[in-house]
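Numbering (the numbering used here), first residue to last: 3 to 306.
Shown next, in structure tokens, is the structure this report addresses.
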Amino acid sequence: MPALVLIAAPAGAQPRLRAETLSAYEKKGYALDRRLETAAWPDLFEEALTPSLFAPRRIFEVDDGRSLGVLPDTYKKYVERGDADVIFLIHSDKPLQKELGDVFETAFSVSYEAAPYWPNQRVGWLQRLARASGCSLDAAAAALLAEWIEDEEELRSEVDKLAKAAPNKRITVQQVNSLSMDEGGKGVLNLLDAVAKADVAAAVKSLAVLREEGELIPALAAVHKRVRGAMFAARLGDAGAGAVHLTNFQTKTARAMAQTYGPELLSLWLGELIRLSWSERSGEGEGWEGLEKLLLAVMSRAAG
């Protein structure tokens, strides 16, 4: 008789959860028998109810759980709870409660914790991930990771890598800078620092590095994020920074930029960054030259 194991998570998290789940069941003596992109319940149960001479504990995997449709009542009596001889490992983007009906409560749902959306909430989430890996993660280091990396699975991977490399089981800003940032990443951080201080010379130097080592769209996105936070801070003060859930470091930087540039210039700047980003994504932009002209124009105006 089969048991159901359900992985309901976004596509980006599926490979990690799949690997962890299969590893756990392999340690219990299970072997992956078949992996199917789509399937039908009758075919799955026919396979499951046919004894195997070679693998007494088998896993049948279905990548698109919604392709199975509603579980017919005639098969519900065959579904077991716990470690049955046969496991149906079923993937989906959302829980299959409607399709499984009351059998959903019998199934084992693999735990998935989504990363918080807001940067300030991600700091604590990253620190919890580090503790689960046996390390401590400094708040400033977590804030840097949260600012630089948006993809949840990439963040998990970085914390895991840093935890393995960290001396004394502590991850600091210095380690994040040296181990998680390539030359392009460091170039973006240097550019953001120059933008925050309206330092034209430093901005030109950083842009020269980025032309060789970086990618334009991520750099645009990073500048947009920094300017957006500063605009909210300039318009609404600390309430504005809180509204977009900035980290402590981002809030401090936003306050400084608000004083340097002022609300009107920041609003115009934000609009131009949105226009520039749209142009680049639609293939009609000016490339690095467009970003450089915009940054130099705004910073020169602030300095003057």
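Every residue gets a Cβ at the ideal spot worked out from N, C-alpha and C, and that includes glycine.
Keep in mind that this is a model prediction, so the values were computed, not measured.
Using DSSP with H/G/I as helix, E/B as strand and the rest coil, what is residue i?
{"i": "His247", "result": "coil"}
{"i": "Leu297", "result": "helix"}
{"i": "Pro4", "result": "strand"}
{"i": "Leu275", "result": "helix"}
{"i": "Ala200", "result": "coil"}
{"i": "Leu98", "result": "coil"}
{"i": "Ser111", "result": "strand"}
{"i": "Ala241", "result": "helix"}
{"i": "Ala148", "result": "helix"}
{"i": "Ser138", "result": "strand"}
{"i": "Ala132", "result": "helix"}
{"i": "Ala256", "result": "helix"}
{"i": "Ala10", "result": "strand"}
Rounded to whole angstroms, what's the CA-CA distance from residue i to residue j? Just pull it up for me.
{"i": "Gln99", "j": "Phe47", "result": "19 Å"}
{"i": "Leu8", "j": "Lys78", "result": "16 Å"}
{"i": "Leu38", "j": "Glu49", "result": "12 Å"}
{"i": "Pro118", "j": "Trp127", "result": "7 Å"}
{"i": "Tyr263", "j": "Ala235", "result": "11 Å"}
{"i": "Ala145", "j": "Arg130", "result": "13 Å"}
{"i": "Asp140", "j": "Ala11", "result": "29 Å"}
{"i": "Arg277", "j": "Arg213", "result": "20 Å"}
{"i": "Leu275", "j": "Val206", "result": "17 Å"}
{"i": "Leu222", "j": "Ser279", "result": "7 Å"}
{"i": "Val175", "j": "Ala26", "result": "34 Å"}
{"i": "Gly71", "j": "Arg20", "result": "21 Å"}
With a threshold of 8 Å on Cβ separation, who are the neighbours of residue i within its own chain once the five nearest residues in sequence on each side are excluded?
{"i": "Leu272", "result": "His226, Val229, Arg230 and Met233"}
{"i": "Arg18", "result": "Glu155 and Arg158"}
{"i": "Trp290", "result": "Leu209, Leu212, Arg213 and Leu218"}
{"i": "Gln177", "result": "Ala143, Leu164, Ala167 and Ala168"}
{"i": "Ala33", "result": "Ala57, Arg59, Arg60 and Ile61"}
Would residue i count as contacting chain B if we go by Cβ distances under 8 Å?
{"i": "Leu128", "result": "In the structure shown, chain B does not exist; there is a single protein chain."}
Kindly give me the distance between the Cβ atoms of residue i and residue j, rounded to whole angstroms, as I take these residues to be in contact under 8 Å.
{"i": "Asp95", "j": "Ala13", "result": "7 Å"}
{"i": "Leu57", "j": "Asp35", "result": "Looking at the sequence itself, residue 57 is Ala, so the reference to Leu does not match. That pair is a contact at about 6 Å."}
{"i": "Leu218", "j": "Glu294", "result": "About 11 Å separates the two Cβ atoms, so there is no contact after all."}
{"i": "Ile61", "j": "Ile89", "result": "5 Å"}
{"i": "Ala198", "j": "Met259", "result": "5 Å"}
I'd like the list of long-range same chain contacts for residue i, defined as Cβ closer than 6 Å, with 5 residues on each side in sequence excluded.
{"i": "Cys137", "result": "Ala165, Ala168, Lys171 and Ile173"}
{"i": "Gly242", "result": "Phe234 and Ala235"}
{"i": "Arg83", "result": "Thr108"}
{"i": "Ser111", "result": "Leu8"}
{"i": "Tyr80", "result": "Met3"}
Tell me which residues share the same chain as residue i and place their Cβ nearer than 7 Å to its Cβ, disregarding the 5 neighbours each side in the sequence.
{"i": "Leu102", "result": "Leu73 and Ala109"}
{"i": "Gly67", "result": "Ile92, His93, Ser94 and Leu98"}
Exercise. Jot down the residue ranges of each uninterrupted beta strand (DSSP E) in the stretch 19-94, minimum 3 residues, whole runs only, in chain order.
Key: 33-38, 60-64 and 88-94
Self-check item: Continuous alpha helix (DSSP H) assignments of at least 4 residues falling wholly in the stretch 207-238
Solution: 218-238
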